[in-house]
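Asker:
There are 2 protein chains.
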Amino acid sequence: MLNFDYCAPTRILFGKGEENIVGTRIQPLAKKILLHYGGGSIKKTGLYDRIITSLKSSGIEIVELGGVLPNPRLSLVHTGISLCRQEQVDLILAVGGGSVIDSAKAIAMGVYYDGDIWDVFCSSKPVARALPVATVLTIPASGSESSGDTVITNEKKQLKFCYNSPHIQPVLSIMNPELFFTLPDNQVSYGAADMMSHVFERYFTNTIHTDLTDGLCEATLRTLMRNAPRALANKKDYVAWSELGFAGTIAHNGLLGMGRSQDWACHRMEHELSAIYDVAHGAGLAVLTPAWMRYVYKENVPMFVQFAINVMGVDGSYRDPAAITEEGITRLCAFFARLELPSTLKELGIDEEHLEEMAKKSTGASDGNERPLGGLKKLYWQDVLAIYRMIAE
Amino acid sequence: MLNFDYCAPTRILFGKGEENIVGTRIQPLAKKILLHYGGGSIKKTGLYDRIITSLKSSGIEIVELGGVLPNPRLSLVHTGISLCRQEQVDLILAVGGGSVIDSAKAIAMGVYYDGDIWDVFCSSKPVARALPVATVLTIPASGSESSGDTVITNEKKQLKFCYNSPHIQPVLSIMNPELFFTLPDNQVSYGAADMMSHVFERYFTNTIHTDLTDGLCEATLRTLMRNAPRALANKKDYVAWSELGFAGTIAHNGLLGMGRSQDWACHRMEHELSAIYDVAHGAGLAVLTPAWMRYVYKENVPMFVQFAINVMGVDGSYRDPAAITEEGITRLCAFFARLELPSTLKELGIDEEHLEEMAKKSTGASDGNERPLGGLKKLYWQDVLAIYRMIAE
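Chains L and G supply the protein sequences, listed in that same order.
Be aware that the first sequence starts at 12, since it is given in the numbering used here, and climbs by one per residue.
Be aware that the second sequence starts at 12, since it is given in the numbering used here, and climbs by one per residue.
#1: Can you tell me which of the three DSSP states SER153(L) falls into?
#2: On the criterion of 16 or more Cβ atoms from any shown chain inside 10 Å, does LYS388(L) qualify as buried, or is it exposed?
#3: Am I right that LEU45(L) and LEU94(L) are in contact with their C-beta atoms under 8 Å? What's the rounded C-beta distance?
#4: Let me know the secondary structure DSSP gives LEU24(L) once reduced to three states.
#5: Kindly give me the distance between the Cβ atoms of ASP222(L) and ARG237(G), rounded to whole angstroms, as I take these residues to be in contact under 8 Å.
#6: Can you tell me whether VAL325(L) is buried or exposed? The criterion is at least 16 other CB atoms within 10 Å of its CB, across all chains shown.
#7: Measuring CB to CB, does SER114(G) end up less than 7 Å from PRO83(G)?
#8: Please return the same chain residues whose Cβ sits closer than 8 Å to the Cβ of GLU404(G), not counting the five positions on each side in sequence.
#9: Report all residues from its chain with a CB closer than 7 Å to the CB of ALA117(L); omit the five preceding and five following residues, and keep chain order.
#10: Per DSSP, ILE185(G) forms a beta bridge with which residues?
#11: Can you tell me whether LEU343(L) is helix, strand or coil according to DSSP?
#12: Should ALA242(L) be flagged as near chain G, meaning a C-beta pair shorter than 7 Å?
#13: Whose C-alpha, out of SER373(L), ASN321(L) and TYR48(L), is nearest the C-alpha of LEU76(L)?
#14: Can you look up LYS171(L) in the DSSP assignment and give me helix, strand or coil?
#15: Closer than 8 Å is the cut-off here; do at least three beta carbon pairs connect the region 184 to 200 of chain G with the region 19 to 39 of chain G?
#16: HIS89(L) versus chain G: which residues are under 8 Å apart at the beta carbon?
#17: Is VAL199(L) closer than 7 Å to ALA242(L) when the C-beta atoms are compared?
#18: Hey, does GLU254(G) have any beta-carbon neighbour from chain L nearer than 7 Å?
#19: Could you give the C-beta distance for GLU281(L) and HIS263(L), rounded to a whole number, given that I count them as a contact under 8 Å?
#20: Please report how far the alpha carbon of ASN311(G) lies from the alpha carbon of GLY360(G), in whole angstroms.
#21: Just how far apart, CA to CA, sit HIS365(L) and SER52(L)?
#22: Please confirm whether LEU235(G) and ALA258(G) have their CB atoms less than 7 Å apart.
#23: Report the partner residues of TYR17(L) according to the DSSP bridge assignment.
#24: Indicate the three-state DSSP secondary structure (helix, strand or coil) for ILE179(L) in the structure shown.
#25: Based on Cα-Cα distance, which residue from ALA204(L), ILE219(L) and GLY28(L) lies nearest to ARG233(L)?
#26: Taking C-beta to C-beta, are THR193(G) and ARG271(G) nearer than 7 Å?
#27: For chain G, check one thing: does any of its Cβ atoms lie closer than 7 Å to the Cβ of ILE23(L)?
#28: Excluding the 5 residues preceding and the 5 following HIS209(L) in the sequence, name in chain order all residues of the same chain whose CB lies nearer than 7 Å to its CB.
#29: Quick one: which unbroken alpha helix (DSSP H) runs of 4-plus residues sit fully inside the region 316 to 382 of chain L? Chain order, please.
#30: Could you tell me if ARG140(G) is buried or exposed, where buried requires 16 or more neighbouring beta carbons within 10 angstroms of its beta carbon?
#31: What residues in the region 104 to 138 of chain G have a beta carbon less than 9 Å from any beta carbon of chain L?
#32: Strictly below 8 Å CB to CB, what residues from chain L border HIS220(G)?
#33: Say the cut is 6 Å; is the CB of LEU194(G) nearer than that to a heavy atom of the ligand ADP?
#34: Could you tell me whether any Cβ in chain L is nearer than 7 Å to the Cβ of ASP394(G)?
#35: DSSP on ALA297(L), reduced to helix/strand/coil?
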């Protein structure tokens, strides 16, 4: 086990009706807030009205900024920063999924940052402070409700960069599984693939002796795989959504990666797809992950055998590690197919035109400053290109 | 899954050498501290000197109070409260195991409490504030390094009461597994039994649909059971101690009980033994837990079958739930025996004299105000007495 520094300070308020007392929860923390949200689905479902009512009854002043798109854009972040400064808000309340929360986090940092906040995404330099962020989660997927991560797309430069800081871990997150009932099928599946990927990126490691976190990762993966098909089959399955919501938070609040070297190659390869083609993050991950597994597994066969047995239920009493691994990956593909997730770049609307460009951007080779991706196996741009080509169609 | 409110704010600083920079960690939080510790083992090992050196080099003023005993006493808590008030310390640094940390927490609350702090243990009324507590852990067992719990013994009244408050969750805890190398054999075993019990008390529940936390509990139990014998066989096994230390924290920081009704009957029954006979907490739990399981399992056979299969490795493809359960409990007894833990009250030096008195005190029946113990099955004093008698000798 490696040395680590762990803290999960986000207060998770879980259960039915929690969003109706959001005002009571926010009131000790702020007098004036930015209410940040997406394309208006929260108005259709009535969630918007319930939140406004609760905030007003707690005497909280509200400034609004809607319009966050999937793969949230830098331009709206700039708008939000100006608005928060002008209105002198104390806290940002993000009501939505990962895109809204990530946008809120970028705004929260930007308010105190002297310069263009995009610079910190490029430099990864630490920020000194940020406005507090609270969330009401409507899509279990990104884990952003309890992470210190934000991913922003610079739409002009076609770049999608992530940034991490303890200053942007939400102070509190409200999670009522009933709010997930109205998600369309594809969002359910994309969310499941994203949450599973957050575990995979931590689970597949070359660090030895990671007994506890191996077990916690495997339990979280099994929970996600048991419950995603249930939620897809019955959108009002409160039980299944409870497990998915809680598991999605545990998948990405940092716990599962403590003491382990981590990977994150699939996320980095996916960000290149999204930056140019604006594909759904979870869909991109579902396409990439099995190919990545087949490309890298020989680096650490025992790790992939353990995955096949403990997560995918492959019979381990068969004296052929490669066959056990392949059976595990095949079962993962079958699971993704059951969720009607894509398995090729072609299905994502991506042809061969930009593959080399994306591969070179993913490692920085395009800027002549290559830093290979991944932890389990270092991936150079030629490796990334080979993986992209494995799944071209 | 039940509604829940979860927050684990304690920063865990894990790894080799962490205690040598404790001053750097404390310095942003306090100028003057109470250094609280036990019977002097930290002086023999050199830990005391390293901590003093680090604190002084960070310019931190130190007030000392040693002498905490196992089953920490109210009288020393009173001394600590007076000392902290008189010296106007900003923070309490507990260097030791659960007893030292629990004593520090009681002092931390008492400093701001107008009246005898024992009253809050009796009334369970919330406290408004407490001094911040930091810890350097030397025994993985109690989980007190990241919990909001404290257990104090009123030695005059022979009462051992626990109290919980978010205000006494440590702000930071340093965990270097090397500090566990010098523990005597019995402390290793008691610690393992205590940590396992912290999971059991959350795991055995009548709440249905607790998929994620079931899996997290089972993974934590398996980790504890794999690594405790390793640490016992080789006291310098850093890997085994790392797993035990981290698992002990996860076992008791609240996560594993979220969304589930909990039990805690074994802890309550054990506190009665410790209050009169001053037995080691883990030893008492090892004696009580299997008997409790046999007494209650019929309330929720599927839960105990799941335990037998997923934790104890019993073959589930046998069509007799009672036999599967009994095999699981028998294996747990065998595991405790392997750790040379006692299995009877007689081995703990407890005869039949006070059994009825302890049973009545455990539920409050002795005060004419009985509140049954437990969540999975409600236990009245007659039930507690029946369990005590099952393990008399």
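Here a beta-carbon is modelled for each residue, glycine too, at the ideal position from N, C-alpha and C.
Computed from a predicted model, the values in this text were never measured in an experiment.
Answerer: Inspection of the coordinates gives the following:
#1: Along the first sequence, read from residue 1 onward, the residue named residue 153(L) stands at position 142. The answer is coil: DSSP assigns SER153(L) none of H, G, I, E or B.
#2: In the first sequence, the residue the question calls residue 388(L) occupies position 377. Counting every other CB atom within 10 Å of its CB across the protein chains shown gives LYS388(L) a total of 16 or more, marking it as buried.
#3: What you label residue 45(L) is simply residue 34 of the first sequence in a count that begins at 1. What you label residue 94(L) is simply residue 83 of the first sequence in a count that begins at 1. Confirmed, about 7 Å.
#4: Residue mapping note: residue 24(L) aligns to position 13 of the first sequence, counting from 1. In this structure, LEU24(L) counts as strand in the three-state DSSP scheme.
#5: Within the first sequence, the letter at position 211 stands for residue 222(L). Within the second sequence, the letter at position 226 stands for residue 237(G). With 8 Å as the limit, ASP222(L) and ARG237(G) qualify as a contact, their Cβ atoms being about 6 Å apart.
#6: Along the first sequence, read from residue 1 onward, the residue named residue 325(L) stands at position 314. Buried, since its Cβ has 16 or more Cβ neighbours within 10 Å.
#7: Locating residue 114(G) in the second sequence gives position 103, where the first residue counts as 1. Locating residue 83(G) in the second sequence gives position 72, where the first residue counts as 1. Yes, Cβ-Cβ distance for SER114(G) and PRO83(G) is below 7 Å.
#8: Stepping through the second sequence from its first residue, residue 404(G) is reached at position 393. Here the set comprises THR355, LEU356 and LYS357.
#9: Here the question's residue 117(L) lines up with position 106 in the first sequence. Result list for ALA117(L): VAL88, ILE128, THR161 and ILE163, in chain order.
#10: In the second sequence, counting from the first residue as 1, residue 185(G) sits at position 174. ILE185(G) is bridged by DSSP to LEU24(G) and VAL147(G).
#11: To locate residue 343(L), count along the first sequence from 1; it is residue 332. Note: LEU343(L) maps to helix in three-state DSSP.
#12: For the purposes of this step, residue 242(L) is identified with residue 231 of the first sequence, where counting begins at 1. Not an interface residue.
#13: The count along the first sequence starts at 1 and reaches residue 76(L) at position 65. The shortest C-alpha separation from LEU76(L) is found at TYR48(L).
#14: Residue mapping note: residue 171(L) aligns to position 160 of the first sequence, counting from 1. In the structure shown, LYS171(L) falls within a strand segment according to DSSP collapsed to helix, strand and coil.
#15: Yes, the region 184 to 200 of chain G is in contact with the region 19 to 39 of chain G.
#16: Along the first sequence, read from residue 1 onward, the residue named residue 89(L) stands at position 78. Simply none; closest approach about 33 Å.
#17: Sequence index remark: in the first sequence, residue 242(L) carries index 231 (1-based). Sequence index remark: in the first sequence, residue 199(L) carries index 188 (1-based). Taking 7 Å as the Cβ cut-off, ALA242(L) and VAL199(L) qualify as a contacting pair.
#18: The residue labelled residue 254(G) in the question sits at position 243 within the second sequence. At least one C-beta of chain L is nearer than 7 Å to the C-beta of GLU254(G).
#19: In the first sequence, the residue the question calls residue 281(L) occupies position 270. In the first sequence, the residue the question calls residue 263(L) occupies position 252. Contact between GLU281(L) and HIS263(L) is ruled out by a C-beta separation of about 15 Å, above the 8 Å threshold.
#20: For the purposes of this step, residue 311(G) is taken as the residue at position 300 of the second sequence. For the purposes of this step, residue 360(G) is taken as the residue at position 349 of the second sequence. Cα to Cα, ASN311(G) sits roughly 33 Å from GLY360(G).
#21: Numbered from 1 along the first sequence, position 354 holds the residue referred to as residue 365(L). Numbered from 1 along the first sequence, position 41 holds the residue referred to as residue 52(L). Distance between the alpha carbons of HIS365(L) and SER52(L) is about 33 Å.
#22: As a first step, residue 235(G) must be located in the second sequence, where it is residue number 224. As a first step, residue 258(G) must be located in the second sequence, where it is residue number 247. Contact: yes.
#23: Taking the first residue of the first sequence as position 1, residue 17(L) is located at position 6. According to DSSP, TYR17(L) bridges with ILE23(G).
#24: Looking up residue 179(L) in the first sequence gives position 168. In the structure shown, ILE179(L) sits in a helix (DSSP, three-state: H, G or I).
#25: On the first sequence, position 222 is the one that residue 233(L) refers to. It is ALA204(L) whose Cα lies nearest to the Cα of ARG233(L).
#26: Counting from 1 along the second sequence, the entry for residue 193(G) is found at position 182. Counting from 1 along the second sequence, the entry for residue 271(G) is found at position 260. THR193(G) places its beta carbon 7 Å or farther from that of ARG271(G).
#27: As a working note, residue 23(L) is residue 12 in the first sequence. Yes, its Cβ sits closer than 7 Å to a Cβ of chain G.
#28: Position 198 of the first sequence holds residue 209(L). Taken in chain order, the residues that qualify are GLY154, ALA262 and HIS263.
#29: Correct list: 332 to 349 and 366 to 374.
#30: Reading the second sequence from its first residue, position 129 is the one you call residue 140(G). Of the other Cβ atoms in all chains shown, fewer than 16 fall within 10 Å of the Cβ of ARG140(G); this residue is therefore exposed.
#31: Cβ contacts with chain L come from no residue of the region 104 to 138 of chain G.
#32: Your numbering for residue 220(G) matches position 209 in the second sequence. Correct list: VAL250, SER253 and GLU254.
#33: Questions concerning the ligand ADP fall outside what the structure shown contains, since it holds no ligand whatsoever.
#34: Taking the second sequence and counting its residues from 1, one reaches residue 394(G) at position 383. Not an interface residue.
#35: Along the first sequence, read from residue 1 onward, the residue named residue 297(L) stands at position 286. Secondary structure of ALA297(L) (DSSP, three-state): helix.
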